[in-house]
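Visitor:
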Amino acid sequence: MPDRQIPALASVIWLSIASSYASAESQAEYADKAYASWQQQDQLMEESYNRLLSEAEAEPNKEPAQQLKKAKEQWIEFRNLFCKSVSQTYGGQWQSVRESECRVNLANQLKATTDTYGW
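FYI, the numbering for the sequence shown is 568 to 686, going by the working numbering.
#1: Would DSSP call residue 629 helix, strand or coil?
#2: Residue 599: which of 610, 660, 664 sits nearest, CA to CA?
#3: Using C-beta distances below 6 angstroms, list every residue in its chain close to residue 605, excluding the 5 sequence neighbours before and after it, in chain order.
#4: The alpha helix (DSSP H) that contains residue 662, what's its start and end?
#5: With a threshold of 16 other CB atoms inside 10 Å of the CB of residue 683, please say whether the residue is buried or exposed.
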């Protein structure tokens, strides 16, 4: 009977290792997709922001454009700190994924806001 337990134990260990590897591979793939999604949403947000900025820069009074630039700098600082905090608090082994997801959400929100203004 002990001879049968060794192959069974070896099978369990092998399955556990294979399962962990598959999970790590899928986790890495998911992280890559989340990062790519953030890059895409960030680009869309930048396009919307740049449209708004060019309209503000076309105005005779340059203060609104300066304020918009400063607001964006502060938004980037907020986004970075907020998403890092969220990912460290709730991310666990998925920390990088959570950070990218957070950035996607905030980029979408800023894009939605900037899209409501302009000519």
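Beta carbons are placed, not taken as given, at the ideal position from N, Cα and C, and that holds for glycine.
Guide: Working from what's here:
#1: coil
#2: 664
#3: 667, 670, 671
#4: 662 to 682
#5: exposed
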